[in-house]
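Residue 260 is where the sequence shown starts when you use our numbering, and the numbers rise one by one after that. Here is the structure we will look at, set down as structure tokens.
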Amino acid sequence: MEAPTYYRPQPQDPPSVFLAGGITGIAEPWHQRAVTVLGSSPVELVVLNPNRARFPIEDPGAAWEQVSWEQHHLRLADRTLFWFPRSDPAISTQPIAMFELGQALGESREIVVGAAPGYPREADVHMLCQLARPGLPVYSTLDDVLTAVIASFEPRGATNQ
């Protein structure tokens, strides 16, 4: 499910994962890889992707629509994947994603967090997570974050066969 289309969960739907994290000024696009990996995982998931194929930057109402969509789906998701990729600090340090991480930590939502070496606020992500939830791992690769998200939905003690 991609923004700006709203997801309307049904009782029989599989669990959902929201893809939170950097979009602007990032070193490499990561959302498509996340969608592909999560979509082909052995655990069926609904992936809520805020990264639109085409964002109408010329539309002054688009930012409001986007942030509204994100806030709705952040609270709706069963799990939120936070990924802070390498980025150019001269363009952006991903302040909205950092704000969303703070919200999720404060609201005790189910999250999986990663910050790439080269993300300008990597130390802040580690510090926030450690202060709010001691012991919460912060992964350093997207693959590790994706693996942890999938594993978080597997029943305890389950093994891949």
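A virtual CB, placed ideally from N, CA and C, is assigned to each residue, including glycine. Bear in mind the structure is a predicted one, so any value in this text is a computation, not a measurement.
Within-9 Å CB hit, residue i to chain C
i: M357; result: Absent from the structure: chain C. Only one protein chain is present.
Cβ neighbours of residue i in the same chain (closer than 8 Å, five flanking residues each side left out)
i: D383; result: M357
i: R392; result: L364
Beta-carbon spacing of residue i, residue j below 9 Å
i: L405; j: V296; result: yes
i: G281; j: W328; result: no
i: I370; j: R334; result: no
i: E366; j: A375; result: no
i: L390; j: G373; result: no
i: L304; j: F412; result: yes
i: A336; j: S275; result: yes
i: L278; j: P309; result: yes
i: W289; j: P354; result: no
Per-residue DSSP class, three states only, for residue i
i: V372; result: strand
i: R292; result: helix
i: A279; result: strand
i: R334; result: helix
i: S300; result: coil
i: L360; result: helix
Residue i to residue j span [Cα, whole Å]
i: P348; j: D318; result: 25 Å
i: D403; j: I409; result: 10 Å
i: E287; j: Q269; result: 34 Å
i: D272; j: R313; result: 27 Å
i: Y266; j: H331; result: 10 Å
i: R292; j: A407; result: 15 Å
i: G377; j: I350; result: 14 Å
Nonlocal neighbours in the same chain, by C-beta distance under 7 Å from residue i, ignoring five residues either side
i: R368; result: T339
i: S300; result: I409
i: P379; result: S346, P348, T352
i: V294; result: V306, N308
i: V302; result: I409, F412, E413
Taking 8 Å as the threshold, find out whether the segment 389-409 comes into contact with the segment 321-335 through three or more Cβ pairs. no
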